[in-house]
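Trainee:
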Amino acid sequence: MKKLITTFSLAAGLFLTSNFVSAQQKIGHVNSDDVFNNLPEAKTAEASLDTFTKTKQGDIEKMITTYQTKLKAAQDKEKPSAKPIRKQ
């Protein structure tokens, strides 16, 4: 009986100390913006993205001007004529 109590108290003591040991883990923080900004690949990727953005922005502006000219032409075509149409 004494051996059982000793074994139980030893197991309980080990269990309780394991919680204290696991609570002492260190937690770190990494600033990913600093890491990515210091990589040379990030700088080349940003430059290629900027050129791609500029070309696509130019394409969009061309499409907008084409749309506006076609819209104006269609609106001018739909304007009513000077003489009224009689209904019977």
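Residue numbers for the sequence shown follow the working numbering, beginning at 72 and rising by one.
Glycine included, every Cβ here is placed at the ideal spot set by N, Cα and C.
Treat the numbers as computed from the prediction; the structure is a model and nothing was measured.
1) To the nearest angstrom, report how far apart H100 and L81 are at their CA atoms.
2) Counting only the same chain and skipping the five closest in sequence on each side, list residues whose C-beta sits under 8 Å from that of L87.
3) Quick check: what's the CA-CA separation for P111 versus T122?
4) Which value, in whole angstroms, describes the spacing of the CA atoms of D130 and L120?
5) Alpha carbon to alpha carbon, how far is I135 from N109?
6) Where do the N-terminal and C-terminal ends of the alpha helix (DSSP H) with V101 fall, by residue?
7) Tell me the rounded alpha-carbon separation between K148 and K141.
Mentor: According to the structure data:
1) Roughly 37 Å between the two C-alpha positions.
2) Taken in chain order, the list of residues that qualify is empty.
3) Answer to the nearest angstrom: the Cα atoms are 17 Å apart.
4) Taking the straight line from one Cα to the other gives about 15 Å.
5) One C-alpha to the other measures close to 38 Å.
6) Counting along the chain, V101 falls outside any alpha helix (DSSP H), and DSSP gives it neither H nor E.
7) In this structure, the CA atom of K148 is about 11 Å from the CA atom of K141.
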